[in-house]
Amino acid sequence: MRLTFINGSPRGNKSNTERLMDHFIKGFLETGDNICEIEYLTKNRHSLAALAEKFAAAEHVIIGFPLYVDAMPGSVKEFFETLQPYMGKENNPAMGFVIQCGFPETSHLRYVERYCEKFSRRMNCRYLGSMLKGGCEGLDVQPTFLTDKYYQYFYQIGVEFGKTGKFDEIILGKLARPEHLKAENLAQIIPFINQALWDAQMEKNGVLDRSFDKPLMP
Amino acid sequence: MKYLVISGNPCCDRNYMDQYIDRFLDGIKSAGHEVQLIVLRGMKIKPCTGCFNCWVKTPGHCLIRDDGNEIARQYIASDHVILVSPLIMGFLSSLLKNTMDRIIPLVHPHIEDVAGEVHHKKRYDKYPVISFLLEKESFTDAEDIAIATGIFQREAINVRSSLGFVQFTETPVEEVLHAINIH
Ligand SMILES: Cc1cc2nc3c(=O)[nH]c(=O)nc-3n(C[C@H](O)[C@H](O)[C@H](O)COP(=O)(O)O)c2cc1C
């Protein structure tokens, strides 16, 4: 099976999208004869038409991106626009998505998931599904027992996809937990994230006392 | 009321949309409101690189040198921001979406519980209402509109604002102005 993974993160190969998909691809390549090519939108910004051509010629495509203001980043939307000439064509590739976000709940990703499914149908691409994962900012400050669990899920989905050409619905469901968080869980994790992720970086940069600055105040 | 209309129409030969915007602005003005127009095409707006320096290095200010900060400045100085775009492959133009990605310096990195979901804390005391004025594609259907509107509702909460209206340019300007209470 041939897979083209298009990494749409504006952070390119140093992204959370990449870290998660490394595990998927590792699993995918365990089945002999499988081949995976990786393309980065950051490297193709000035040659999107050529990337669209590659897309149209591919067999299976997975497009990965972070959630930006509740949707795909503008640069990923630009790539979607470039695919318009191939809309509805015969022989378009099967298409799936990996969409991850900073906030811990999967609920933030549901509308963009629906968009991606509709987009696949409109393109006349067989829809493979979407791997959704919240809580992905600061993967390196999270306890490893958590991150190892996500990585393991991505690996397993990759193995299964490598064998069957399908995303395993049960593991997708496990990956997509929690859909929402209870008030008491929110109250627990919010101070941790604010401190370990944000205050730590501001402190390092010596701007913690200016964190609420309003430089664009009218 | 201070209105800001941001046009994400990428293409100058979509004349209909530009003329529609002109008449829309006239309507707002003649009702005695202040209104400003930003036309994104022809401005310099680079895509957000996800560096978060606007939160952790220069709080509230993006380090990319282009028109992004100026647009964010005008955004936060308004009472009501109307985002205008053709739907392209079912969603806002990338020109407009890139611009929206650049307004995150207006919120604070810290998160809090907003109606049972995680969102960012406010940086400013007051945020404008946001609305959308869209041009349909030949194939736009009810599902496309439901998905886009669902995203807009979430975006409004996420930028600590509220969603004003979602309207389409197939509706005559006067009717849209009336529907949004500008007489
Ligand atoms: C401009 C911008 C907007 C973002 N908007 C959201 C959002 O609406 N919801 C969310 O949960 N995370 C949001 N995030 C966080 C990213 O989705 C998160 O950091 C992600 O893990 C980055 O992935 P990457 O490293 O693969 O680019 C945003 C980040 C940026 C830079």
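Read top to bottom, the protein sequences are chains A and B.
One rule links them: number in our numbering = place in the first sequence (from 1) + 8.
To convert, note that position 50 of the second sequence is 44 in our numbering; the numbers rise steadily by one, no gaps.
The beta carbon of each residue, even a glycine, is placed where N, CA and C say it ideally should be.
Alpha carbon to alpha carbon, what distance is there between residue j and residue i?
i: Asp207 of chain A; j: Phe200 of chain A; result: 10 Å
i: Arg53 of chain A; j: Ala173 of chain B; result: 40 Å
i: Asp107 of chain B; j: Met9 of chain A; result: 44 Å
i: Phe126 of chain B; j: Phe159 of chain B; result: 6 Å
i: Val149 of chain A; j: Ala142 of chain B; result: 34 Å
i: Gly149 of chain B; j: Tyr76 of chain A; result: With the sequence shown as reference, residue 149 of chain B is identified as Glu, and Gly is not the correct amino acid for it. Taking the straight line joining both Cα atoms gives about 10 Å.
i: Glu177 of chain A; j: Pro186 of chain A; result: 16 Å
i: Ser24 of chain B; j: Tyr10 of chain B; result: 21 Å
i: Ala195 of chain A; j: Val112 of chain B; result: 10 Å
i: Tyr94 of chain A; j: Ala66 of chain A; result: 12 Å
i: Gly72 of chain A; j: His55 of chain B; result: 28 Å
Among residues of its own chain, excluding the 5 on either side of residue i, which ones have a beta-carbon nearer than 8 Å to its beta-carbon?
i: Ile97 of chain B; result: Ile65, Ala66, Tyr69 and Val153
i: Ala57 of chain A; result: Thr90
Under 6 Å: does the beta carbon of residue i sit that close to some heavy atom of ligand 1?
i: Pro151 of chain A; result: no
i: Cys144 of chain A; result: yes
i: Cys109 of chain A; result: yes
i: His116 of chain A; result: yes
i: Asn3 of chain B; result: no
i: Pro74 of chain A; result: yes
i: Gly44 of chain B; result: yes
i: Val77 of chain A; result: yes
i: Arg185 of chain A; result: no
i: Asn24 of chain A; result: yes
i: Ile33 of chain A; result: no
Could you check what DSSP says for residue i in three-state terms: helix, strand or coil?
i: Asn132 of chain A; result: coil
i: Ala195 of chain A; result: helix
i: Ser79 of chain B; result: strand
i: Tyr118 of chain B; result: coil
i: Gly54 of chain B; result: coil
i: Phe175 of chain A; result: coil
i: Met95 of chain A; result: coil
i: Gln150 of chain A; result: coil
i: Thr165 of chain B; result: coil
i: Ile176 of chain B; result: coil
To the nearest whole angstrom, what separates the beta carbons of residue i and residue j, a pair I think is in contact under 8 Å?
i: Pro81 of chain A; j: Gln108 of chain A; result: 12 Å between Cβ atoms; not a contact.
i: Tyr(-3) of chain B; j: Ile22 of chain B; result: 5 Å
Less than 6 Å between C-beta atoms, sequence neighbours within five positions excluded: which residues of the same chain meet that for residue i?
i: Lys115 of chain B; result: His102, His104 and Glu106
i: Leu136 of chain A; result: Ala102, Gly104 and Phe175
i: Glu131 of chain B; result: Leu81
i: Lys38 of chain B; result: Asp60 and Asp61
i: Thr114 of chain A; result: Leu140, Gly142, Ala184 and Glu187
i: Asn42 of chain A; result: Met9, Phe36 and Gly170
Excluding sequence positions up to five away, which residues of its chain have a Cβ less than 7 Å from the Cβ of residue i?
i: Val78 of chain B; result: Val(-1), Ile0, Ser1, Gly2, Asn3, Ile15 and Leu127
i: Asp217 of chain A; result: none
i: Pro18 of chain A; result: Thr50, Pro81 and Ser83
Of all Cβ atoms in chain C, is any one closer than 7 Å to the Cβ of residue i?
i: Phe88 of chain A; result: Here the protein chains are A and B, and chain C is not one of them.
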